[in-house]
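Working notes, beginning with the structure itself.
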Amino acid sequence: MNDALPTDSARLFEVAIEALPASVVNVFEGIDRLLYFRLPLKNKFRRITVRDGLILRGPGGWAEVSPFWDYDARESAQWLRAGLEAARSEPLPRKREAVPVNATVPVVDPQVAFDIVKNSGGARTVKVKVADPNSTISEDCARIEAVRDALGPTGQIRVDANAAWDVPQALAAIRELNRACQSGGGADLEYVEQPCATVEELARVRQQVSVRIAADESVRRASDPLAVARAEAADLVIVKVQPLGGAKRLIDVVARAGLPAVVSSALDSSVGLARGVECAAALDELPFACGLATAQMFTADVTKTPLRPVGGMIAPREIEIDEAAVSFLPHSRGEAAHLTRWLDRLEEMVHCL
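Mapped onto our numbering, the consecutive letters of the sequence shown carry residue numbers 1466 to 1818.
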């Protein structure tokens, strides 16, 4: 569903809200514009090369609805709830004027990893993707060593396994990855994000390693996002606005979990990132850099001024759409097919609200 077109480039298409099915129009009360976007990635990430989704405008500004294609309609409806809430809500009260952010290194060669860090906008924390089916543990270690070389000994490195390991695999991998992180006199890994799939497995790993364990999928894709905290299965939680159903629920989950939180992107456009930064700026405590510097992973964005870090920080601000880039008709059959699939998907999400 996310395949690149033969000559893929960034696309923005205007959708006539009045032409949508009545069930969608009724849910879109107060929404005056709807756009479909496609943004190519510089490097493959989560096994995709293009990010696509919808952005809508209401009295609260622009908001994003972009569930990945492996989410069914019921789970995707959470993302629609988040978008509708954001488009209709006033900004959250700020507790800080800027948010520290980490750079993100996908599964790439060591030299590319080094270059990403050097061009990250001053990030002193880097998240490295590991445990990809097409990458060995040795290749993961080499990527981490390249990141350490770029950061120097005082930078922080965290890794994300996306629930790829069982408990024995996680224990062995964490030992090796931590040694790679210590290269050049560096400290231990800051944390390991979602080493295993289940809360029970996370708890078992956490009991046997000295490195912090962070829960991501066990929060954003769980029917009970607080189960991981009750089980003492993680040292911190990764929270994302869209998958959790909006900013209000994110703030509530963090408060009830009683654990440090890292607000992260769901590989959003700058519109979605702005909502994440808004949430991070509203939290009472923010002890870790947030995963909100992902605009740099795209070849283009939905705005002329993408939400990128300066000095490793991002300040909250509203995003203005690049109106000159908006088209009213697809340029090809392929683009028309992608747009049609998203509008069909929107109707399915509405039925699950």
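Glycine included, each C-beta is placed from N, C-alpha and C at the ideal position.
Could you tell me if E1443 is buried or exposed, where buried requires 16 or more neighbouring beta carbons within 10 angstroms of its beta carbon? The requested residue 1443 does not occur in the structure, where the chain is confined to residues 1466 to 1818.
A1475 beta carbon less than 7 Å from that of A1765: Yes, they are a contact pair.
Spatial neighbours of L1818 within its chain, please: CB distance less than 8 Å, with the 5 preceding and 5 following residues excluded, ordered by chain position. Spatial neighbours of L1818 in its own chain (CB-CB distance under 8 Å, excluding positions within 5 residues in sequence) are listed in chain order as V1492, A1542, L1545 and R1546.
On the three-state DSSP scale, how would you describe D1517? In this structure, D1517 counts as strand in the three-state DSSP scheme.
Under 7 Å between C-beta atoms of V1566 and C1744: Cβ atoms of V1566 and C1744: not closer than 7 Å.
Return the CA-CA distance between L1504 and R1677, expressed in angstroms with no decimal places. A straight-line Cα-Cα distance of about 34 Å links L1504 and R1677.
I1779 and V1564 closer than 7 Å at C-beta: Judged by beta-carbon spacing, V1564 lies within the 7 Å limit of I1779, meaning their Cβ atoms are closer than that value.
Distance CB(I1703)-CB(A1679) smaller than 7 Å: Cβ distance < 7 Å, so I1703 and A1679 count as in contact.
As an exercise, report each continuous beta strand (DSSP E) stretch of at least 3 residues that is fully enclosed by the region 1606 to 1641, in chain order. Runs of the beta strand (DSSP E) inside the region 1606 to 1641: 1621 to 1625.
What residues in its chain sit with their C-beta under 6 Å from that of M1466, if we drop five residues either side in the sequence? Only weak support is given to the placement of M1466: the predicted model assigns it a pLDDT of 48, under 50, and the question is left unresolved by the model.
Beta-bridge pairing of P1505 - partner residues as DSSP gives them: P1505 is bridged to V1515.
Can you list, in chain order, the residues of its chain with a C-beta nearer than 6 Å to that of T1472? Leave out the 5 residues immediately preceding and following it. Note that T1472 scores a pLDDT of 45, beneath 50, so its modelled location is shaky and nothing firm can be said.
With DSSP collapsed to three states, give me the class of E1550. Three-state result, E1550: helix.
Per DSSP, which residues does W1527 bridge with? Please list them. Listed as beta-bridge partners of W1527 by DSSP are R1522.
With a Cβ-Cβ cutoff of 7 Å, do V1591 and V1612 count as a contact? Yes, these two residues count as a Cβ contact at 7 Å.
Given this structure, state the Cα-to-Cα distance separating L1470 from V1767, to the nearest angstrom. Legend: pLDDT at L1470 = 40, less than 50; position of this residue unreliable, no value from coordinates given.
Give every residue of the same chain whose Cβ lies closer than 6 Å to the Cβ of G1710, excluding the five residues on either side of it in the sequence, and list them in chain order. Around G1710: Q1543, R1546 and A1547.
Any idea if A1747 is buried or exposed, counting beta-carbon neighbours within 10 angstroms, 16 or more meaning buried? That one is buried.
Short of 7 Å in beta carbon distance, which residues of its chain neighbour A1692, apart from the five on each side in sequence? Order them along the chain. Taking C-beta separations shorter than 7 Å and ignoring five residues to either side along the sequence, the partners of A1692 in its chain run V1664, following chain order.
Comparing C-alpha positions only, which one of T1601, V1515 and G1799 sits nearest to F1763? Check the Cα spacing between F1763 and each of T1601, V1515 and G1799: the tightest is with V1515.
How many Å lie between L1757 and N1627 at the Cα? C-alpha separation (whole angstroms): 17 Å.
When the Cα atoms are used, what is the spatial distance from M1814 to R1559? Taking the straight line joining both Cα atoms gives about 31 Å.
Measuring straight from C-alpha to C-alpha, what distance separates H1803 and L1500? Per the coordinates, the alpha-carbon of H1803 lies some 13 Å from the alpha-carbon of L1500.
Whose C-beta lies closer than 7 Å to the C-beta of R1669 among residues of the same chain, with five residues either side of it excluded? Once the five neighbours on either side are set aside, the close Cβ partners of R1669 are V1632.
How would you label T1569, buried or exposed, when you count the other beta carbons within 10 angstroms and need 16 or more for buried? Within a 10 Å sphere around the beta-carbon of T1569 sit 16 or more other beta-carbons, which makes this residue buried.
Going by the CB atoms, is the gap between L1477 and F1502 shorter than 7 Å? Cβ distance < 7 Å, so F1502 and L1477 count as in contact.
Beta-carbon proximity of L1732 to T1759, cut-off 7 Å: Contact flag set, yes.
Endpoints, the beta strand (DSSP E) within which F1478 is located: Looking at the DSSP string, the run of the beta strand (DSSP E) that includes F1478 is R1476 to V1480.
How big is the Cα-Cα spacing for D1614 and S1554? For D1614 and S1554, the distance between alpha carbons rounds to 43 Å.
Roughly how many angstroms lie between the CA atoms of R1644 and D1605, to the nearest whole one? About 12 Å.
Since A1712 and A1551 are thought to touch, with beta carbons under 8 Å apart, how far apart are those beta carbons, to the nearest angstrom? A1712 to A1551, Cβ: 7 Å. Contact.
Using a threshold of 7 Å, state whether the C-beta atoms of P1660 and A1635 are closer than that. Between P1660 and A1635, the C-beta gap is smaller than 7 Å, which places the two residues in contact.
Could you say which of E1750, G1617 and Q1576 lies nearest to A1607 if we only look at CA atoms? Comparing Cα positions, the closest option is Q1576.
How would you write the range of the beta strand (DSSP E) that K1594 sits in, first residue to last? Counting along the chain, the beta strand (DSSP E) containing K1594 begins and ends at T1590 to K1594.
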